[in-house]
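Shown next, in structure tokens, is the structure this report addresses.
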Amino acid sequence: MTTTLPNSLARGPVALLFFVVLGLFSGCASYQLGAPAELPFKTIYIRPTSNDSFAPQAQAIVSSQLRKQLIRDGRVQLVSNEAEADTVLAVNLAEYRRSSGARRSTDTVVASDFIISLTADISLYNPSKGDYFFEDRRLTGSTKTYTENPYETGLRTQAYQQSEYQAMPLLARDLARKIADEVLSVW
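-12 is the number of the first residue of the sequence shown in the numbering used here; add one for each residue after it.
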């Protein structure tokens, strides 16, 4: 004896599957790759970074990382002359801080790693109108620096200055990424 399902019961799962597939395709139909908005400028000049912080020689590293971030994005073209630019970016490194992130297990007075942060004030100038897109926005990048190697078997520890020196490109990259995001996003 064979039993057959009524026609109305067989249509239920098919209809449900149809609406699920329809919902998936219609949800992805409006997705667009890339940036959502058109920037009001095509070219940018980056003034030499000034350093009012105590970060040693950080302006060159931040400038280099910032240029890499803007080139990687591809929506703006870097120019070497301020007169040729649609907009001008000024970056001032304003503050450099270090604070202990973790203490040694054998001596709680001595830090085993530090959190270093670098704060910049940025301004984006529009030379054609003579005003600013934004002025003196404060952004902070941070990273950790480790003064001891947990995998070392001896008692040797990494000097703080060496670990800070090694962490500076990471700190500059984090700050440059935040600056590029601020410049290339919709304000």
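We put the beta carbon where it would ideally sit given N, CA and C, even for glycine.
All values derive from a computational prediction rather than experimental measurement.
Asked: What are the boundary residues of the alpha helix (DSSP H) that D175 is part of?; Found: Only positions -12 to 174 of the chain appear in this structure, which leaves residue 175 out of reach.
Asked: Whether or not the stretch 33 to 41 and the stretch 126 to 135 are in contact is what I'm after, with contact meaning three or more pairs of Cβ atoms, one per stretch, closer than 8 Å; do they touch?; Found: no
Asked: Check whether the stretch 159 to 169 and the stretch 39 to 58 touch, using three or more Cβ-Cβ pairs below 8 Å as the test.; Found: yes
Asked: Quick check: the Cα distance between A70 and S51, rounded to an integer number of angstroms?; Found: 21 Å
Asked: Going by beta carbon distance, what residues of the same chain come within less than 6 Å of T127, once the five residues before and after it are set aside?; Found: S104, T106
Asked: Can you name the residues that DSSP bridges to Y32?; Found: V75
Asked: Starting from the Cα of S87, find the closest Cα among R54, L76, F101 and give me that residue.; Found: F101
Asked: When burial is assigned at 16 or more other CB atoms within 10 Å of the CB, is S67 buried or exposed?; Found: exposed
Asked: Alpha carbons only, please: which of K29, L26, R85 is nearest the one belonging to Y152?; Found: R85
Asked: How should S150 be labelled, buried or exposed, when 16 other C-beta atoms within 10 angstroms of its C-beta is the threshold for buried?; Found: buried
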